[in-house]
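Take a look at the structure below.
Protein chains: 2
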Amino acid sequence: MARKGTGAKRLDEPTLTAADWAEAALHLIAEAGLGALTVEALAVRLGVTKGSFYWHFKGRSELLAAALGRWEQRATTEAIAGLSAVTDARQRLYLMLEAATKSPRSRSLYAALAEAAEDPIVRRVLNRVASARIKYLEACYRELGIEQPRAKAKAVFSYAAYRGLLQLAHEAPAVLPTDWSSYAAVVLEALGPVPRAKRRPGRQR
Amino acid sequence: MARKGTGAKRLDEPTLTAADWAEAALHLIAEAGLGALTVEALAVRLGVTKGSFYWHFKGRSELLAAALGRWEQRATTEAIAGLSAVTDARQRLYLMLEAATKSPRSRSLYAALAEAAEDPIVRRVLNRVASARIKYLEACYRELGIEQPRAKAKAVFSYAAYRGLLQLAHEAPAVLPTDWSSYAAVVLEALGPVPRAKRRPGRQR
DNA sequence: CACGCTCCATACTCTAGAGTATGGAGATAT
DNA sequence: ATATCTCCATACTCTAGAGTATGGAGCGTG
Chain X
95 MARKGTGAKR LDEPTLTAAD WAEAALHLIA EAGLGALTVE ALAVRLGVTK GSFYWHFKGR
155 SELLAAALGR WEQRATTEAI AGLSAVTDAR QRLYLMLEAA TKSPRSRSLY AALAEAAEDP
215 IVRRVLNRVA SARIKYLEAC YRELGIEQPR AKAKAVFSYA AYRGLLQLAH EAPAVLPTDW
275 SSYAAVVLEA LGPVPRAKRR PGRQR
Chain P
95 MARKGTGAKR LDEPTLTAAD WAEAALHLIA EAGLGALTVE ALAVRLGVTK GSFYWHFKGR
155 SELLAAALGR WEQRATTEAI AGLSAVTDAR QRLYLMLEAA TKSPRSRSLY AALAEAAEDP
215 IVRRVLNRVA SARIKYLEAC YRELGIEQPR AKAKAVFSYA AYRGLLQLAH EAPAVLPTDW
275 SSYAAVVLEA LGPVPRAKRR PGRQR
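In the order they appear, the protein sequences are chains X and P.
If you're matching positions, the first sequence starts at 95 in the numbering used here and goes up one per residue.
If you're matching positions, the second sequence starts at 95 in the numbering used here and goes up one per residue.
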């Protein structure tokens with residue numbers, strides 16, 4: 095995909111493709127924020143000059159759209175497909191909640207993109223990603239027997255808690271929980287599948 | 095404060111102060127994001143030219159610091175002081191949770207600032223605000239008899255849920271709950287003071 | 001009245017970064 | 001070999017916005 099011929103222009107590196115630029119853009123955003131996504135900075139990182147960029151893309155916004163398209167794919171369909179491999183809905187929900195009670199990476203791509211929600215391109219992508227994830231959560235809750243008005247509310251609440259923790263890790267890392275085990279206990283107790291089969295001693299509703 | 099003399103330079107408007115510029119900056123940020131905070135844009139909004147700005151502030155970052163200082167005051171000490179007027183801790187917690195289950199304004203200042211968390215000035219302020227609020231929440235939970243490792247976890251969880259909902263309102267308004275009453279029910283059930291009273295924990299006394 | 005202080009206007013400079021124009025080197029096709 | 005396509009370098013233009021230099025109008029006080 096990277097080349098069409100057989101030989102290489104240079105012995106070390108094949109020539110770049112639009113996908114290479116988009117991928118590098120995602121890395122740059124995750125590391126330094128979307129404000130740092132500069133055509134020239136990207137060119138330097140790829141070892142070329144910015145003149146070559148405009149051969150692959152019409153402009154910066156086209157690059158951004160391509161990069162976000164790739165990220166959206168991974169953040170929704172692929173991630174959900176991976177989770178759906180777990181057949182037991184209860185186990186699935188537990189896995190997601192567990193992931194939401196671990197210390198987030200300090201500089202996630204999601205958090206970096208949230209900084210640029212004023213950008214219409216970014217906002218549309220964030221909207222779709224959040225919608226897809228909440229819909230999936232809602233489906234999980236319904237699969238566990240929770241009825242409709244409540245299932246959606248629980249899904250939104252779960253995702254808001256996850257999203258908020260991610261945001262706090264970005265904008266105020268100092269306030270993150272020090273004791274993650276007790277945080278996980280609180281979250282599972284609040285959002286867990288069904289309070290029926292609680293094997294925690296005492297404390298039963 | 096706005097004037098030192100008695101007369102006005104113009105009949106309609108007194109001359110501007112640094113506080114006026116800072117206040118206008120906060121409004122501009124809330125409306126159009128921190129990216130739109132431009133010296134010239136502010137000057138236009140205030141009906142003057144940008145030459146006058148540099149009489150009040152050394153530069154843009156000094157203005158930003160002054161504006162954020164004002165906001166921080168309102169977001170922490172003043173808000174907390176208002177809440178502490180409610181003597182009953184249970185009622186206080188209910189008020190806060192209720193505020194966290196109402197549809198947020200689409201363009202809050204907090205959300206606008208979160209977009210610029212890469213800025214060191216903004217990040218420090220966000221950190222302090224979040225810390226103050228979580229500390230207060232933690233104190234409320236402890237006042238209700240919840241012990242320490244759990245009280246902090248509950249406080250962080252509550253604030254993360256609030257913060258996440260605020261963020262979703264900003265970056266993906268389409269996923270907000272349609273039925274706010276059932277959302278409030280879920281949140282209160284999960285974060286409410288004590289699971290002892292199974293009824294809605296608000297109508298006491 | 002003369003003088004000084006405060007707030008502001010006018011008119012510049014300077015820089016970052018997007019976008020453009022054009023040519024060139026290597027690979028491939030004919 | 002010649003033509004052509006692809007990817008890139010060089011070297012420009014153009015704009016937004018920060019920051020600066022300087023003068024001026026109104027109001028105060030000696």
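Glycine included, every Cβ here is placed at the ideal spot set by N, Cα and C.
The structure presented is a predicted model; accordingly, all values stated were derived computationally and were not measured.
Counting only beta-carbon atoms, is residue i nearer than 8 Å to chain X?
i                 : result
Leu220 of chain P : yes
His264 of chain P : yes
Glu209 of chain P : yes
Ser225 of chain P : yes
Asp182 of chain P : no
Pro295 of chain P : Note that Pro295 of chain P scores 43 on pLDDT, short of 50, meaning its location in the model is unreliable and no value can be drawn from it.
Ser276 of chain P : yes
Lys144 of chain P : no
Gly127 of chain P : yes
Arg257 of chain P : yes
Ala291 of chain P : With a pLDDT of 43 at Ala291 of chain P, under the threshold of 50, the modelled position of that residue is not reliable, and the figure given next carries that caveat. No, Ala291 of chain P lies away from the interface with chain X (no Cβ there is under 8 Å from its Cβ).
Gln261 of chain P : yes
Asp273 of chain P : yes
Phe251 of chain P : yes
Ala268 of chain P : yes
Glu237 of chain P : no
Arg244 of chain P : yes
Glu232 of chain P : no
Arg217 of chain P : yes
Glu117 of chain P : no
Glu156 of chain P : no
Glu212 of chain P : yes
Along the alpha helix (DSSP H) that carries residue i, what are the first and last residues, could you check?
i                 : result
Arg199 of chain P : Careful: Arg199 of chain P lies outside any alpha helix (DSSP H) and carries neither H nor E.
Ile228 of chain P : 214-237
Lys144 of chain P : Here Lys144 of chain P belongs to no alpha helix (DSSP H), and DSSP marks it neither H nor E.
Arg184 of chain P : 183-193
Gly153 of chain P : Run containing Gly153 of chain P: none; DSSP gives neither H nor E here.
Ile174 of chain P : 173-178
Measuring CA to CA, which of the options is closest to residue i?
i                 : options                                : result
Ser275 of chain P : P:Ala194, P:Tyr204, P:Ser178, P:Val133 : P:Ala194
Trp165 of chain P : P:Tyr235, P:Pro108, P:Ala278, P:Ala206 : P:Ala206
Tyr235 of chain P : P:Lys152, P:Arg139, P:Ala224, P:Ala247 : P:Ala247
Leu231 of chain P : P:Leu177, P:Asp213, P:Ser197           : P:Leu177
Ala161 of chain P : P:Tyr204, P:Lys196, P:Asp273           : P:Tyr204
Ala224 of chain P : X:Val280, X:Thr272, X:Ile240, X:Glu265 : X:Glu265
Thr170 of chain P : P:Ala263, P:Arg227, P:Gly129, P:Leu282 : P:Arg227
Pro267 of chain P : X:Leu270, X:Val269, X:Asp273, X:Ala254 : X:Ala254
Gly286 of chain P : P:Ala173, P:Leu189, P:Glu212, P:Glu156 : P:Leu189
Ala279 of chain X : P:Thr109, P:Pro214, P:Ala245           : P:Ala245
Ala119 of chain P : P:Leu158, P:Ala183, P:Ala179           : P:Leu158
Glu283 of chain X : X:Trp149, X:Leu110, X:Leu187           : X:Leu187
Glu117 of chain X : X:Leu136, X:Gly129, X:Asp273           : X:Leu136
His150 of chain P : P:Leu220, P:Val142, P:Trp115           : P:Trp115
Ala183 of chain X : X:Gly239, X:Leu262, X:Ile123           : X:Gly239
Any beta-carbon of chain P closer than 8 Å to the one on residue i?
i                 : result
Ile228 of chain X : yes
Lys248 of chain X : yes
Gln167 of chain X : no
Glu241 of chain X : no
Gly176 of chain X : no
Ala254 of chain X : yes
Ala102 of chain X : Unreliable placement is indicated for Ala102 of chain X, whose pLDDT of 38 sits below 50; the coordinate value is still reported in the next sentence. False, the Cβ-Cβ gap to chain P never drops below 8 Å.
Leu285 of chain X : yes
Val280 of chain X : yes
Arg199 of chain X : no
Glu192 of chain X : no
Ala113 of chain X : no
Glu172 of chain X : no
Secondary structure, alpha helix (DSSP H): runs of 4+ residues fully inside the stretch 110-138 of chain X: Fully enclosed alpha helix (DSSP H) runs of 4 or longer: 112-126.
Considering only residues of the stretch 246-288 of chain P, which uninterrupted beta strand (DSSP E) runs meet the minimum length of 3 residues and lie entirely inside it, listed in chain order? none
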